[in-house]
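Our numbering puts the first residue of the sequence shown at 4, with every later residue one more than the last.
Contents: one structure, followed by commentary.
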Amino acid sequence: MQAILLVIGCIVFLVPVALHKESGKLILLFCSLLCYSFVVRELDVELLNVPAAIKFLCSGVGRNTTLAVAFSAMLLYALSRFSYYKKAVVLFLGSLPGILLMLGGVLLVVGDLFEKRYSLGHHVFFEEFLELSGYVSLLLSSLAANSGLTRRSRGDLSGGH
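Take a look at the structure:
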């Protein structure tokens, strides 16, 4: 269930990246990659009947290396246009999709804290509930990013380079 929510969020974040010529697409691409990183974290790819190359790229060191390279490339590109992306990130984080993305992050961090609290009764329930809530927030963020709710922010972002 969690992986399905994340895959949908990943794809929905990619839609405007593929279809529009916005200059602020890197933020949505980052969000899509973030969802993908959670997908490969949730799936036990090494247990699936898939080619060895996919197992390598989607689990363990291969997964970590691939994601590190992808996030680093995005960071380097954003740094090359620092003033633009500084403003764009602030605008995004103040928009509904950004707020939902941050809420999802907070829920995931709190859920991770419950995962390690063996002394608490039902700690696994709270961890899974918070994790699912975080992933739902990521999905809602992707949907909000594709709705008319962010049209004003997108216009602001595409105005200055």
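C-beta atoms are modelled at their ideal positions from N, C-alpha and C, and glycine is treated no differently.
For residue i, the first and last residue of its enclosing alpha helix (DSSP H)
i: aspartate 47; result: That residue, aspartate 47, is in no alpha helix (DSSP H); it is neither H nor E in DSSP.
i: valine 92; result: 85 to 97
i: valine 18; result: 5 to 22
i: lysine 58; result: 55 to 61
i: leucine 123; result: Run containing leucine 123: none; DSSP gives neither H nor E here.
CA-to-CA distance, residue j to residue i, given in whole angstroms
i: leucine 94; j: asparagine 52; result: 43 angstroms
i: lysine 89; j: glycine 97; result: 13 angstroms
i: alanine 6; j: tyrosine 87; result: 33 angstroms
i: phenylalanine 85; j: glycine 124; result: 47 angstroms
i: proline 54; j: valine 72; result: 22 angstroms
i: serine 150; j: alanine 21; result: 15 angstroms
Cβ separation of residue i and residue j, assumed to be a contact under 8 angstroms, to the nearest whole Å
i: phenylalanine 16; j: leucine 29; result: So it is not a contact: roughly 12 angstroms between Cβ atoms.
i: histidine 126; j: phenylalanine 117; result: 5 angstroms
i: leucine 82; j: serine 40; result: Contact doesn't hold; Cβ gap of about 20 angstroms is too wide.
i: leucine 99; j: glycine 12; result: About 15 angstroms; that fails the 8 angstroms criterion.
i: isoleucine 57; j: valine 48; result: 7 angstroms
Exposure of residue i, with buried meaning 16 or more beta-carbon neighbours within 10 Å
i: tyrosine 80; result: exposed
i: leucine 152; result: For leucine 152, the predicted model reports a pLDDT of 49, less than 50, meaning its position is unreliable and no value from the coordinates is stated.
i: tyrosine 138; result: buried
i: serine 75; result: exposed
i: serine 140; result: buried
i: glycine 101; result: buried
Beta-carbon spacing of residue i, residue j below 9 angstroms
i: leucine 46; j: cysteine 34; result: no
i: valine 42; j: valine 10; result: yes
i: leucine 111; j: serine 144; result: no
i: phenylalanine 129; j: glycine 114; result: yes
i: valine 8; j: leucine 135; result: Note that residue 8 is leucine in the sequence shown, not valine. Yes, Cβ-Cβ distance for leucine 8 and leucine 135 is below 9 angstroms.
Min CB distance residue i to chain D below 9 angstroms
i: serine 136; result: Note that chain D does not occur in the displayed structure, where there is just one protein chain.
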